[in-house]
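Novice: Sharing a structure, written as structure tokens. Questions coming.
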DNA sequence: GGTAGACCTGGACGC
DNA sequence: GCGTCCAGGTCTACC
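Numbering (our numbering), first residue to last: 300 to 590.
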């Protein structure tokens, strides 16, 4: 069956797909032109479905081989709308960016939307697996989590959804360390999964626009394994751009672009983008570093 | 508030 | 093939 969703213009699915490396992490898949997203999703009903998302006039189409109940369809619509940030309005940022040559193409290419996972739980876990490792390591860890603990697609048992908190909560730290090569992150992942599964921590509530960014950051930092970089990365994913995710790559890029390659720290990065105010994280994210 | 050391893995390198 | 070194953020203890 097919579902159609509208997006606030300008919109480009390819721009969302290429917004960062998330599409390379299981269970996301894309085609060689980065024009579609395939993913496997475990729904609240317990059904596991495969979704194919493509761009169409004014929005996206979603294809599911399995027919969906009304409740399943509503959940798919809500999750895809969130994942692709279909309702976001970037007109204020585009007006500011038009005066900056390194950002002037943002509006023309409909850049700004950052690909999200269906749940913030998944985004947090994936962000933790990006810390203190290489991108190759991140991809291995996430693939192993999906293959070991994700629910299988009935029509193709080799394809799995990202594990729910409940599934991960039933694991033990040693197994996560051994099977998924999470290393010292294993107890952090387990603690988060168990807190969410037990209902002690409602991470999905952090998607709320009512929470001030400083409070939201405080709550993210309270999660074991989430430090300054991870919190800023998650804030950008959540559509809050007041902080810059400063990692070693950021230091290198900003140093080369603004400080003649000198050794710099987080404060120097923040000083460059501070004039962008509530948009500084997005200005940093979309900056054209190609020179 | 700032700093040092430990955490863990994989890749690069030298032997 | 083996051992060593290093890169990558966060946590904890300490000053």
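Idealized CB from N, CA, C, for every residue including glycine.
Computed from a predicted model, the values in this text were never measured in an experiment.
1. Is it buried or exposed, residue 577, if we count other Cβ atoms within 10 angstroms and call 16 or more buried?
2. Whether or not the segment 508-526 and the segment 548-555 are in contact is what I'm after, with contact meaning three or more pairs of Cβ atoms, one per stretch, closer than 8 Å; do they touch?
3. Reducing DSSP to helix, strand and coil, say where residue 575 ends up.
4. If you count every other CB in all the chains shown that lies within 10 Å of the CB of residue 303, and 16 or more means buried, which is it?
5. Is there contact between the segment 424-434 and the segment 326-338, where contact requires at least three CB pairs shorter than 8 Å?
6. Per DSSP, residue 339 is paired with what?
7. Beta-carbon separation of residue 324 and residue 438 under 8 Å?
8. Going by CA-CA distance only, name the one from 539, 446 and 339 that's closest to residue 509.
9. Taking buried to mean at least 16 other C-beta atoms within 10 Å of its own C-beta, is residue 434 buried or exposed?
10. Using CA coordinates, which residue listed in 358, 477, 451 and 355 is at the minimum distance from residue 440?
11. Which runs of the alpha helix (DSSP H), 4 residues or longer, sit entirely within the segment 438-492?
12. What is the rounded straight-line gap between the Cα of residue 487 and the Cα of residue 565?
13. Is the CB-CB distance between residue 316 and residue 414 below 8 Å?
14. Between the C-alpha atoms of residue 409 and residue 310, what's the straight-line distance to the nearest angstrom?
15. Which partner residues of residue 362 appear in the DSSP bridge assignment?
16. How would you label residue 340, buried or exposed, when you count the other beta carbons within 10 angstroms and need 16 or more for buried?
17. Rounding to the nearest angstrom, what Cα-Cα distance links residue 546 and residue 416 in this structure?
18. Could you round the C-beta distance between residue 423 and residue 522 to whole angstroms and report it? I think they count as a contact, below 8 Å.
19. Report the three-state DSSP secondary structure of residue 430 (helix, strand or coil).
20. What does the Cβ neighbour count give for residue 456, buried or exposed, with the cut at 16 atoms within 10 Å?
21. Could you spell out where the alpha helix (DSSP H) holding residue 555 opens and where it closes?
Specialist: So, from the data block:
1. For the purposes of this step, residue 577 is taken as the residue at position 278 of the first chain. Exposed, since its Cβ has fewer than 16 Cβ neighbours within 10 Å.
2. no
3. Residue 575 sits at position 276 when you count from the first residue of the first chain. Reduced to three states, the DSSP call for residue 575 is helix.
4. Translated into positions along the first chain, residue 303 becomes position 4. Residue 303 is exposed by the Cβ-count criterion.
5. no
6. On the first chain, residue 339 is found 40 positions in, with the first residue counted as 1. Looking at the DSSP assignment, residue 339 forms a beta bridge with 349.
7. Your numbering for residue 324 matches position 25 in the first chain. Your numbering for residue 438 matches position 139 in the first chain. Going by C-beta atoms, residue 324 is nearer than 8 Å to residue 438.
8. Taking the first residue of the first chain as position 1, residue 509 is located at position 210. For the residues 539, 446 and 339, the minimum Cα distance to residue 509 belongs to 539.
9. As a first step, residue 434 is located in the first chain; it is residue number 135 there, counting from the start. Per the 10 Å Cβ criterion, exposed.
10. Looking up residue 440 in the first chain gives position 141. Comparing Cα positions, the closest option is 477.
11. 464-468 and 472-479
12. Sequence index remark: in the first chain, residue 487 carries index 188 (1-based). Sequence index remark: in the first chain, residue 565 carries index 266 (1-based). Going by the C-alpha atoms only, they are around 25 Å apart.
13. Residue 316 sits at position 17 when you count from the first residue of the first chain. Residue 414 sits at position 115 when you count from the first residue of the first chain. Yes.
14. What you label residue 409 is simply residue 110 of the first chain in a count that begins at 1. What you label residue 310 is simply residue 11 of the first chain in a count that begins at 1. Between residue 409 and residue 310, the C-alpha separation is close to 5 Å.
15. For this step, residue 362 is matched to residue 63 along the first chain. Its beta-bridge partners are 301 and 351.
16. The residue labelled residue 340 in the question sits at position 41 within the first chain. Buried.
17. Counting from one through the first chain, the residue named residue 546 turns up at place 247. Counting from one through the first chain, the residue named residue 416 turns up at place 117. The straight-line gap from Cα to Cα measures roughly 21 Å.
18. The sequence position of residue 423 within the first chain is 124, counting from 1. The sequence position of residue 522 within the first chain is 223, counting from 1. Confirmed, about 6 Å.
19. Residue mapping note: residue 430 aligns to position 131 of the first chain, counting from 1. In this structure, residue 430 counts as coil in the three-state DSSP scheme.
20. Counting from 1 along the first chain, the entry for residue 456 is found at position 157. That one is exposed.
21. As a position in the first chain, residue 555 is number 256, starting the count at 1. Residues 547-557.
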